[in-house]
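First up is the structure itself, then whatever we jot down about it.
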Amino acid sequence: MNVLSINQLSMDLPTASGPRRVIHEVTLDVGEGEAVGLVGESGAGKSMTARAVIRLVPRGARTQGDITFNGTSVLSMGSATLRAYRRRDVAMIFQDPRAAINPVRRIGDFLVESLIDRGDSEASALMVVTEILESVGITDVTRRLRQYPHELSGGLLQRVMIAAALAIEPKLLLADEPTTALDVTTQSDVMVNLDTQRRVRGLAMIFVTHDLELASAVCDRIAVMYAGFLVEDSPAEGLHRQALHPYTAALLASRPSVNARERRLVAIPGRPLSAFEVEEGCAFASRCPFAQERCRVERPLLRTVGRGRVACHRTEELQGQLDANKMREDARG
Amino acid sequence: MTTTSAPDKIKGTTRRLLSRSPTSVWRDPVVIVSSSFIFLLVCVAIFAPLIARQNPNTANILAGNQSPSSAHWLGTDSFGEDLFSRLVYGARLSLLGPAMIIVIATSFGTVLAIAAAWFGGVFDQVVSRVADILFAFPGLILAMLSVAMFGPGLIAPVIALSISYTPYLMRVIRAEAIRQRNLPYIAACYVEGLPARTICRRHLLPNVGPLLLVQATLSFGYALVDLAAISYLGLGVQSPTPEWGLMVSTGQSSILAGYPQESLFAGAMIVLTVVAFNLLGDRLASRRGMDRV
Numbered sequence: 008m009n010v011l012s013i014n015q016l017s018m019d020l021p022t023a024s025g026p027r028r029v030i031h032e033v034t035l036d037v038g039e040g041e042a043v044g045l046v047g048e049s050g051a052g053k054s055m056t057a058r059a060v061i062r063l064v065p066r067g068a069r070t071q072g073d074i075t076f077n078g079t080s081v082l083s084m085g086s087a088t089l090r091a092y093r094r095r096d097v098a099m100i101f102q103d104p105r106a107a108i109n110p111v112r113r114i115g116d117f118l119v120e121s122l123i124d125r126g127d128s129e130a131s132a133l134m135v136v137t138e139i140l141e142s143v144g145i146t147d148v149t150r151r152l153r154q155y156p157h158e159l160s161g162g163l164l165q166r167v168m169i170a171a172a173l174a175i176e177p178k179l180l181l182a183d184e185p186t187t188a189l190d191v192t193t194q195s196d197v198m199v200n201l202d203t204q205r206r207v208r209g210l211a212m213i214f215v216t217h218d219l220e221l222a223s224a225v226c227d228r229i230a231v232m233y234a235g236f237l238v239e240d241s242p243a244e245g246l247h248r249q250a251l252h253p254y255t256a257a258l259l260a261s262r263p264s265v266n267a268r269e270r271r272l273v274a275i276p277g278r279p280l281s282a283f284e285v286e287e288g289c290a291f292a293s294r295c296p297f298a299q300e301r302c303r304v305e306r307p308l309l310r311t312v313g314r315g316r317v318a319c320h321r322t323e324e325l326q327g328q329l330d331a332n333k334m335r336e337d338a339r340g
Numbered sequence: 023m024t025t026t027s028a029p030d031k032i033k034g035t036t037r038r039l040l041s042r043s044p045t046s047v048w049r050d051p052v053v054i055v056s057s058s059f060i061f062l063l064v065c066v067a068i069f070a071p072l073i074a075r076q077n078p079n080t081a082n083i084l085a086g087n088q089s090p091s092s093a094h095w096l097g098t099d100s101f102g103e104d105l106f107s108r109l110v111y112g113a114r115l116s117l118l119g120p121a122m123i124i125v126i127a128t129s130f131g132t133v134l135a136i137a138a139a140w141f142g143g144v145f146d147q148v149v150s151r152v153a154d155i156l157f158a159f160p161g162l163i164l165a166m167l168s169v170a171m172f173g174p175g176l177i178a179p180v181i182a183l184s185i186s187y188t189p190y191l192m193r194v195i196r197a198e199a200i201r202q203r204n205l206p207y208i209a210a211c212y213v214e215g216l217p218a219r220t221i222c223r224r225h226l227l228p229n230v231g232p233l234l235l236v237q238a239t240l241s242f243g244y245a246l247v248d249l250a251a252i253s254y255l256g257l258g259v260q261s262p263t264p265e266w267g268l269m270v271s272t273g274q275s276s277i278l279a280g281y282p283q284e285s286l287f288a289g290a291m292i293v294l295t296v297v298a299f300n301l302l303g304d305r306l307a308s309r310r311g312m313d314r315v
């Protein structure tokens with residue numbers, strides 16, 4: 008049973024020179040209790056896709072396709088239904104907790120607000136919030152509740168935001184690069200915490216990140232986006248050995264390895280395309296070492312291959328060559 | 023030797039940083055002095071009957087234009103009315119007028135600004151263009167028009183000036199509200215499923231609050247001067263009601279006769295009050311890290 012189905016989702020944003028496409032016909036399902044990592048470079052459309060799930064899109068954005076949550080179409084919800092959906096069913100964790108928490112209100116007010124809005128009494132909301140803060144590893148809760156956001160460290164504040172997301176007992180969690188704004192040591196703490204809580208509560212999650220390794224550590228499936236296209240959707244396990252798309256393999260290869268001392272990092276030649284720059288053919292063709300004439304002319308559609316789905320004409324031929332370690336060695340020559 | 027050693031420099035920098043650090047606003051002497059002065063004025067206005075030593079409207083033509091004495095601390099005007107008492111009573115209308123203007127203009131301005139920032143699009147365009155049109159219309163001319171329609175007094179100029187101050191406040195607050203509206207914490211409120219009303223009232227409004235305070239304080243000074251000017255022109259409250267702007271005007275004829283005290287003291291009160299409000303507004307503004315608009 009899928010909690011969330013994104014079906015052929017496209018989005019255009021208005022610009023001075025006419026609408027520009029930022030998402031190209033993305034199709035993605037999230038099962039109950041399943042964590043899906045949405046990975047890609049900046050501008051690949053991963054955040055936009057996640058935001059489209061709660062209709063948090065820029066003014067004037069035009070969406071096509073469909074998003075259904077437990078069988079209900081999200082894109083055609085009226086405002087009251089939409090609010091109820093946001094209030095009950097999904098929660099979002101933002102990238103920068105400093106910016107995403109109202110600076111002039113106390114932590115406690117921030118946390119209980121949505122619960123009271125939902126109809127809880129103040130006392131029961133406080134109890135729920137206290138319990139959840141403790142479960143995400145915050146000590147001295149009574150004091151924290153009375154503090155203002157600027158009095159908390161970034162890591163602590165991100166935990167508060169995670170607590171706020173968990174407090175409404177959603178079925179789906181949208182985490183938009185929740186650790187990017189934190190420093191490295193707190194990153195892992197916060198991530199472990201988020202992962203544990205998610206598993207304990209059996210929540211489905213869309214985890215948006217640049218970090219393929221991190222995503223494969225905490226997610227069941229990885230969806231890779233490039234220039235607004237979903238290019239691959241595979242189980243997280245074993246992605247290293249058998250990526251389906253050359254882009255995924257190249258991304259994995261460009262990560263420094265912990266085991267070997269790197270003299271030079273492997274890079275993907277060229278620069279990432281913006282979604283609107285893609286003409287015909289495969290979006291990645293201009294940078295793909297395996298691209299052929301067909302890739303430049305005919306756009307590959309997402310199709311099921313083995314354990315995952317991929318948008319590449321040559322996946323089958325390339326099996327064995329899309330091993331990250333091997334690519335790294337090849338590049339090192 | 024004029025060179026300073028590195029540690030000295032560092033110490034100096036630290037001290038500068040510390041002095042600018044966001045400690046309490048009440049440690050700034052300018053804030054203390056100006057706000058105490060304003061507080062004192064408000065007290066004087068409220069408790070005028072207890073402070074004034076004589077009835078401000080008891081005329082005694084025979085004792086006109088007296089110099090300051092123990093009977094009349096600041097002397098008397100040409101009608102022999104006690105100037106100290108008139109200044110004390112004058113604080114009432116002189117402060118009430120601008121206060122009304124600021125309350126009305128900030129209320130309307132804030133509501134319009136937040137609505138414009140929230141809805142954007144056509145609504146924002148309409149509100150902003152109407153504000154532009156009102157901007158082109160001088161407040162004093164509007165006040166004269168208003169007096170011509172409603173007759174002189176306090177209310178007509180207050181209405182007119184409220185109308186002319188609203189777009190000014192609206193525009194400043196709108197810019198800030200738009201900035202705040204695009205910050206992620208507002209998006210987070212959306213995601214929580216909070217109704218727009220709640221987001222505006224509980225999240226957007228408190229965050230434009232500091233700017234609101236600064237603008238209201240600064241505008242108070244301007245409004246006081248504008249109202250005094252209207253009274254001076256004889257379009258505001260009418261003699262013998264004590265009001266500072268009016269006192270500057272009625273004292274004018276005595277200046278030539280060598281008795282400047284009425285105009286002088288009333289003018290001084292206006293200047294002091296406006297300076298106090300401007301200094302306070304200025305300091306609050308610099309604390310917010312922004313320049314006066």
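Line order of the protein sequences matches chains A and B. Take the working numbering: the final residue in the first sequence is number 340, and no numbers are missing along the way. Take the working numbering: the final residue in the second sequence is number 315, and no numbers are missing along the way. Ideal Cβ positions, reconstructed from N, Cα and C, are used throughout, including at glycine. All of these numbers come straight from a predicted model, not from anything done at the bench.
Residues near residue i in its chain [Cβ-Cβ closer than 6 Å; skip 5 each side]
i: B:ILE60; result: ALA298
i: B:LEU117; result: ALA67
i: B:ALA81; result: PHE101, GLY102 and GLU103
i: A:GLU48; result: PRO279
i: A:VAL215; result: LEU45, LYS53, SER54, ALA57, ASP183 and GLU184
i: B:ALA182; result: LEU164, ALA165 and SER168
i: A:ASN14; result: THR34, GLY72 and ASP73
i: A:GLN154; result: ILE114
i: A:LEU118; result: VAL136 and ALA171
Under 7 Å from the C-beta of residue i: neighbouring residues of chain B
i: A:MET84; result: Under the 7 Å cutoff, chain B gives no residues; its nearest Cβ is about 12 Å from A:MET84.
i: A:ILE61; result: VAL213
i: A:ARG90; result: GLY215 and PRO217
Same chain, Cβ closer than 8 Å to residue i, neighbours up to 5 away in sequence not counted
i: B:LEU156; result: ILE185, SER186, THR188 and PRO189
i: B:PHE145; result: ALA137 and ALA138
i: A:ILE61; result: VAL81, TYR92, ARG93, VAL97, MET99 and LEU181
i: B:VAL125; result: none
i: B:GLY86; result: THR98, ASP99, SER100, PHE101 and GLY102
i: B:SER43; result: Interpretation of B:SER43 is limited by its pLDDT of 45, a score under 50 that renders its predicted location unreliable; the figure taken from the coordinates is listed afterwards. Within the same chain, B:SER43 has no close Cβ partners at all.
Residues near residue i in its chain [Cβ-Cβ closer than 7 Å; skip 5 each side]
i: B:VAL230; result: ILE195, GLU198, ALA199 and GLN202
i: B:LEU176; result: LEU115, GLY119, GLY258 and VAL259
i: B:ASP50; result: ARG305
i: B:THR25; result: At B:THR25 the pLDDT is 46, less than 50, meaning the model places this residue with poor confidence; the figure from the coordinates comes in the next sentence. Same-chain partners within the cutoff: there are none.
i: A:PRO307; result: CYS289, ALA318, CYS319 and HIS320
Bridge-paired residues (DSSP) for residue i
i: A:ILE13; result: A:LEU35 and A:ILE74
i: A:GLU239; result: A:VAL231 and A:VAL317
i: A:PHE214; result: A:GLY44 and A:ALA182
i: A:ALA98; result: A:LEU180
i: A:MET18; result: A:ILE30 and A:THR70
i: A:SER80; result: A:THR75
Reference residue i, options the options, closest by Cα
i: A:VAL64; options: B:ILE208, B:LEU246 and B:LEU167; result: B:ILE208
i: A:VAL148; options: A:MET134, A:CYS289 and A:GLY161; result: A:MET134
i: A:GLU287; options: A:PHE236, A:LEU189 and A:ARG113; result: A:PHE236
i: B:VAL236; options: B:SER261, B:GLN88, B:ARG224 and B:LEU302; result: B:LEU302
i: B:GLN76; options: B:LEU105, B:ALA218 and B:SER308; result: B:LEU105
i: A:ASP231; options: A:VAL43, A:MET18 and A:ASP19; result: According to the sequence provided, residue 231 of chain A is Val. The question's Asp does not apply to it. The residue with the shortest Cα to Cα distance from A:VAL231 is A:VAL43.
i: A:ARG208; options: A:GLY78, A:SER142, A:ASP124 and A:VAL29; result: A:SER142
Partner residues on chain A for residue i, Cβ-Cβ distance less than 7 Å
i: B:GLY142; result: ARG66
Chain B contact residues for residue i, given Cβ-Cβ distances below 9 Å
i: A:MET55; result: The contacting residues do not exist; A:MET55 stays about 13 Å from chain B at best.
i: A:PHE101; result: PRO206, TYR207, ALA209, ALA210 and VAL213
i: A:ALA98; result: VAL213 and GLU214
Neighbouring residues, chain B, relative to residue i (Cβ below 8 Å)
i: A:ARG93; result: TYR212, VAL213, GLU214 and GLY215
i: A:ARG301; result: Here the premise fails: no neighbours, minimum Cβ distance about 42 Å.
Going along the region 190–214 of chain B in order, which residues come within less than 7 Å of chain A, judged by CB to CB distance?
Of all residues in the region 190–214 of chain B, the ones placed with a Cβ closer than 7 Å to any Cβ belonging to chain A are LEU205, PRO206, TYR207, ALA209, ALA210, TYR212, VAL213 and GLU214, in chain order.
Counting only Cβ-Cβ distances shorter than 8 Å, please list the residues of the region 212–231 of chain B near chain A, keeping chain order.
For the region 212–231 of chain B, the beta-carbon criterion of a distance under 8 Å to any beta-carbon of chain A is satisfied by TYR212, VAL213, GLU214, GLY215, LEU216, PRO217, THR220, ARG224, HIS225, PRO228, ASN229 and GLY231.
Listed in chain order, which residues of the region 64–75 of chain A have Cβ atoms closer than 8 Å to some Cβ of chain B?
Within the region 64–75 of chain A, the qualifying residues are ARG66.
Check each residue of the region 103–114 of chain A: if its Cβ is closer than 8 Å to any Cβ of chain B, include it; give the result in chain order.
If the cut-off is 8 Å between Cβ atoms, the region 103–114 of chain A has ASP103, ALA106, ALA107, ILE108, ASN109, PRO110, VAL111 and ARG112 near chain B.
Proximal residues, the region 118–131 of chain A versus chain B, C-beta separation under 9 Å:
Within the region 118–131 of chain A, those residues whose Cβ lies closer than 9 Å to any Cβ of chain B are, in chain order, GLU120, SER121, ASP124 and ARG125.
Can you pull out the residues from the region 8–30 of chain A whose beta carbon lies closer than 8 Å to at least one beta carbon of chain B?
Contact residues of the region 8–30 of chain A toward chain B are absent (C-beta to C-beta distance below 8 Å).
Pull out every residue of the region 258–292 of chain A whose Cβ sits closer than 7 Å to any Cβ of chain B, in chain order.
For the region 258–292 of chain A, the beta-carbon criterion of a distance under 7 Å to any beta-carbon of chain B is satisfied by none of its residues.
Name the residues in the region 205–234 of chain A whose C-beta lies less than 9 Å from a C-beta of chain B; which are they?
Within the region 205–234 of chain A, no residue places its CB atom closer than 9 Å to a CB of chain B.
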